[in-house]
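Be aware that the sequence shown starts at 35, since it is given in the numbering used here, and climbs by one per residue.
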Amino acid sequence: MKQFTATLALLGLLAATPVAIAQDSAIPDYVAAHPLDALTPMEVDAAASLLRRDGKADDSTLFGAISLVEPPKAEVRAWSEGKPFGREALAILRHKGKTFEARIDVVTTTLQDIHEVPGAHPMIMDREWIAARDALMKDARLLAALDKRGLKPGKDVFCTPNSAGYFPGEKGEGRRTLKVPCFTSRDKLHPSIARPIEGIMGIVDSESGEVIDVLDAQQVPLPPAPDGYGERLPKQLPPMKPLDIAAPKGPNITLSGNLNVKWLNWTFHARADKRAGVILSLVRFNDGKRLRDIAYQMNVSEMFVPYMDPDPTWSYRTFMDAGEFGLGYLISSLEPGVDCPFNSFFVDLTLPNDVGGTFIRDRAMCIFERPTGDPAWRHYSGGSKTVTGEPQAELVVRHIPTLGNYDYVVDYVFSPQGNITIKVGATGFDAVKSVSAQDMESESAAADTAYGNLIAPYTVAPFHDHYFNFRLDLDADGPDNNLVRNSFVPTPVDTPTRKSIWTLKQQRYTKEGPIMPDHAGVGGEMWRLTNSATKNALKQTPSLWIDAHSDTESMIDRTDPAQARAGFSAAPLWLTRYKPDELWAAGLYPNLSQRDEGVPAFVADTEDVIGQDLVTWYTIGFRHVTRPEDFPILPTFWHEMTIRPAFFFDMDPGFTFNSGYKQLAE
Ligand SMILES: [Cu+2]
35 MKQFTATLAL LGLLAATPVA IAQDSAIPDY VAAHPLDALT PMEVDAAASL
85 LRRDGKADDS TLFGAISLVE PPKAEVRAWS EGKPFGREAL AILRHKGKTF
135 EARIDVVTTT LQDIHEVPGA HPMIMDREWI AARDALMKDA RLLAALDKRG
185 LKPGKDVFCT PNSAGYFPGE KGEGRRTLKV PCFTSRDKLH PSIARPIEGI
235 MGIVDSESGE VIDVLDAQQV PLPPAPDGYG ERLPKQLPPM KPLDIAAPKG
285 PNITLSGNLN VKWLNWTFHA RADKRAGVIL SLVRFNDGKR LRDIAYQMNV
335 SEMFVPYMDP DPTWSYRTFM DAGEFGLGYL ISSLEPGVDC PFNSFFVDLT
385 LPNDVGGTFI RDRAMCIFER PTGDPAWRHY SGGSKTVTGE PQAELVVRHI
435 PTLGNYDYVV DYVFSPQGNI TIKVGATGFD AVKSVSAQDM ESESAAADTA
485 YGNLIAPYTV APFHDHYFNF RLDLDADGPD NNLVRNSFVP TPVDTPTRKS
535 IWTLKQQRYT KEGPIMPDHA GVGGEMWRLT NSATKNALKQ TPSLWIDAHS
585 DTESMIDRTD PAQARAGFSA APLWLTRYKP DELWAAGLYP NLSQRDEGVP
635 AFVADTEDVI GQDLVTWYTI GFRHVTRPED FPILPTFWHE MTIRPAFFFD
685 MDPGFTFNSG YKQLAE
């Protein structure tokens, strides 16, 4: 078994690592083999070098993005292996205090366009993050604030910049700011969780290095390490007998190119993106007769994590991590056996860095199949006293960005029945603040827990929301679709037996806009993306049911400065017509944004949507009511939604699925 596992892991790396070709330069390279492949290291270098050569960039320039501009959909759909295709890059530059957007043809190395985007801020980049941290750590006001608390900068104290958000009228408005809290590693409650130094916050211009302000609001005495925490946390139990996910006869997954995935009836393309993490495209299901379109593209388009604590050192924490930091940039290497089964295919991903080059994140994505341990279907026949059935299996595509304290497990799970479940698991640890209350009988407990819960002695985790917007460019059996709502309607009937049943009412959306659940209605609804041009064998209209299990809308008032920048979170679903440049739910430039240029702007013209190529934007959201059970490390907290075929097939496409489980008994 061990030998097999090792061989498979190696096979995974071989299959997934692009083939190196001889280059004169030191830049590792491979050739893009598909129009939707991420830009290769040579293509990224070609774009950055051209900008430098043309005097548009120099050594001080930071690159918020050098990413693929996809060819038009029609070209991608018409493309077949071996045919040539165009390659275009979008570069977002921060150059001498200004933001520029450039388009480069990386095949001909031609600068097609470059223009300044006044007021726009690309994502936060390493060099400025470090500069802001270092500037604050030397600032006399910070040193005085630390001194008051008996602390000195050095190995016990460190500061880590956060995105600043936008709050009209505050100090530093209009500048490229970061807000910086500080921590101490003294008396930690857990080895990897530093203790926040409450009341201190720096506002730093990350370009000039000027420390604009240092808040020294309230002083909370640094709490002691209580008994049972820190070095005295409970020890792990002796190991149980281990469980494993194994494919003893070999994998059913086929990987090719950079990167095409095939598993049973499913095929799709995957690529890395600095901002989105992993982007899946051309998701199709072979129904035995033809490849059926399910999704042109699926990826996280933005996140929003607003904290619910009005304290000035907390209230700005309204993170939009995809656009501010980059889920792909902060993707973490996966640990075999912990993050993914040992026998997974682990894929290294190449991503653009901040300075016009690329880096490789080892084992950044894993692809694995697993038995769920559940029946795919079964039936017990009382007559013959036999069970017929089949065990379920599924394919998982996973990556895990780590954004400060949180690790987000992002899964796309494919089933033989034609379902795609999108799951987000939040783990890592709750953001915490130090308080005076040791427990709920302490004098300050009520005040300390007004906006969060005690999760450990002297430690409150403020309440907050997590919103993950997925841009779901679904194609229900082709691009021209409608969105319908089936509402469940309580319906009176007058029969000798029944007085009340439910019936379904169908309504078609005609315009772009937010799609709200019918909270006031009794029975709820189903949202389905339908294709009126094709029919299944029963002459029904194929559709994809957007089965929403985790739709939570933001409760923050729309006039709140944080909510005003993240309007996508106000509705669980938005419907737009496909536009090639409408890719991000909070717009292309959410960092420090002063207005929302995302989905609320996309739908402002309320275009007609009937029979169009539609994009749905679904937000998996949850309100995080923090608990002691979140501590010391937040056990992975999952939320999900499922895209299910409905009237799409003639019968269960999983009926022919043969798990081969009987071979295990041989
Ligand atoms: Cu949380």
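The beta carbon of each residue, even a glycine, is placed where N, CA and C say it ideally should be.
Please read all numbers here as calculations on a predicted model, not as lab measurements.
Taking the Cβ of His-658 as the reference point, at least one heavy atom of ligand 1 falls within a distance shorter than 6 angstroms. Between the alpha carbons of Glu-369 and Leu-124 lies a distance of about 32 angstroms. Three or more Cβ pairs closer than 8 angstroms define a contact, and the region 673-680 meets that threshold against the region 441-458. With respect to Ile-644, Asn-516 sits close: the two C-beta atoms are nearer than 7 angstroms. Listed in chain order, the non-local C-beta contacts of Ser-588 below 8 angstroms within the same chain comprise Phe-338, Pro-340, Asp-499, Tyr-501, Gln-597, Ala-600, Ser-603, Ala-604 and Gly-655, local neighbours out to five positions each way being set aside. Under DSSP, Gln-540 forms a beta bridge with Asn-520.
Following the DSSP letters along the chain, one finds Trp-163 inside the alpha helix (DSSP H) bounded by residues 160-171. Secondary structure of Arg-432 (DSSP, three-state): strand.
Annotation: the region 209-295 contains the following complete segments of the beta strand (DSSP E) (minimum length 3 residues), in chain order: 211-214, 216-218, 234-239, 245-250 and 287-290.
Annotation for Ser-219: Asp-190 and Ala-228 place their beta carbon closer than 6 angstroms to its own, counting only its chain and skipping 5 residues before and after.
With contacts defined by Cβ atoms closer than 7 angstroms, Ser-240 and Leu-212 form a contacting pair. Secondary-structure assignment with DSSP links Asn-503 through a beta bridge to Glu-336 and Thr-653. Looking only at Met-159, Leu-145, Lys-696 and Pro-152, the smallest Cα-Cα distance to Val-389 is reached by Met-159.
DSSP places Leu-84 in the uninterrupted alpha helix (DSSP H) bounded by 75-87. When the beta-carbon positions are compared, Pro-257 and Ser-468 come within less than 7 angstroms of each other. Annotation: the continuous beta strand (DSSP E) that includes Lys-132 extends over 132-139.
Sequence-distant partners of Phe-463 (beyond 5 residues in either direction) whose C-beta falls short of 6 angstroms from its own C-beta, in its chain, are Ile-227, Asn-439, Ile-667 and Leu-668. Here the region 516-533 lies against the region 558-568, with 3 or more beta-carbon pairs under 8 angstroms apart. When the five nearest sequence neighbours on each side are left out, the beta carbons in the same chain lying within less than 8 angstroms of the beta carbon of Gly-621 are those of Gly-357, Ser-627, Asp-630, Glu-631, Gly-632 and Ala-635, in order along the chain.
Assignment of Leu-180 by DSSP, reduced to helix, strand and coil, places it in the helix class. Taking C-beta separations shorter than 7 angstroms and ignoring five residues to either side along the sequence, the partners of Ser-315 in its chain run Leu-70, Phe-302, His-303, Tyr-330 and Gln-331, following chain order. Beta bridge pairing from DSSP links Lys-457 with Asp-445 and Glu-674.
Sixteen is the threshold: since fewer than 16 other Cβ atoms of the shown chains lie within 10 Å of the Cβ of Trp-536, the residue is exposed. Taking the CA atoms as reference points, Asp-591 sits about 18 angstroms from Ile-549.
Under the three-pair Cβ rule at 8 angstroms, the region 292-311 counts as touching the region 349-365. Its Cα nearest to that of Ala-169, the residue Met-235 stands out among Met-235, Gln-252 and Asp-181. Contact between Val-444 and His-433 holds: their C-beta atoms lie close to 6 angstroms from each other, under 8 angstroms. Residue range 633-636 is occupied by the alpha helix (DSSP H) that includes Phe-636. Annotation: Asn-286 to Val-431 spans about 14 angstroms, alpha carbon to alpha carbon.
Rounded to the nearest whole angstrom, the CA to CA distance from Tyr-442 to Thr-531 is 52 angstroms. Of the residues assessed, Arg-661 falls on the exposed side of the cut-off, its CB having fewer than 16 other CB atoms within 10 angstroms.
With respect to the 7 angstroms criterion, Asp-511 and Asn-565 are classified as neighbours on the basis of their beta carbons.
By the neighbour-count definition (other C-beta atoms within 10 Å, threshold 16), Pro-513 is a buried residue. Residue nearest to Leu-73 within the set Asp-93, Ala-82 and Leu-102 is Leu-102 (criterion: CA-CA distance).
DSSP places Val-110 in the helix class (H, G or I) of the three-state scheme.
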